[in-house]
Amino acid sequence: MRVLDVSELAAPEPMECILVELESLAPGEYLRVLHRREPWPLFPILEERGFGHELRPCQPPGFAILIWRAADQVAEAAARSTGG
323 MRVLDVSELA APEPMECILV ELESLAPGEY LRVLHRREPW PLFPILEERG
373 FGHELRPCQP PGFAILIWRA ADQVAEAAAR STGG
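Following the working numbering, the numbering of the sequence shown begins with 323 at its first residue and continues without gaps.
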């Protein structure tokens with residue numbers, strides 16, 4: 323698991339950082355993104371690029387977005403089994 327905290331960045335930096343980080347995601351690995359808001363514009367882009375995701379509330383008030391390659395069942399299982 324990799325962790326990327328974009329909670330202090332102004333738009334469009336969070337999306338840019340997330341997309342760059344995903345380019346080097348290894349098999350079996352997922353990305354946990356910490357964000358202060360729900361990044362709805364990101365989700366269709368993830369799907370178009372072949373990534374699955376799950377959004378979870380987390381503390382401090384914000385969200386954790388778990389992202390994995392859609393075909394990577396190992397990474398998906400690991401992401402979904404975490405507490406957020």
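Just so it is clear, CB atoms sit at the ideal spot from N, CA and C, and this is done for glycine as well.
Give the secondary structure of Glu-351 by DSSP, where H, G and I count as helix, E and B as strand, and everything else as coil.
-> For the purposes of this step, residue 351 is taken as the residue at position 29 of the sequence shown. It is coil, neither helix nor strand.
So, are the CB atoms of Glu-357 and Ser-329 less than 7 Å apart?
-> Position 35 of the sequence shown, counted from the first residue, corresponds to residue 357. Position 7 of the sequence shown, counted from the first residue, corresponds to residue 329. The amino acid occupying residue 357 in the given sequence is His; Glu does not appear at that position. The answer is yes: Cβ separation under 7 Å.
Pick helix, strand or coil for Ala-386, following the three-state DSSP scheme.
-> Taking the sequence shown and counting its residues from 1, one reaches residue 386 at position 64. Here Ala-386 sits in strand by DSSP.
Close Cβ partners of Ile-367 (< 8 Å) along its chain, the five nearest in sequence each way excluded | The sequence position of residue 367 within the sequence shown is 45, counting from 1. Contacts found: Met-337, Leu-341.
Using a Cβ-Cβ cut-off of 8 Å (strictly less than) and excluding sequence neighbours within five positions of Arg-391, which residues of its own chain qualify?
-> Counted from its first residue, the sequence shown places residue 391 at position 69. Taken in chain order, the residues that qualify are Leu-347, Pro-349, Gly-372, Phe-373, Gly-374, Ala-397.
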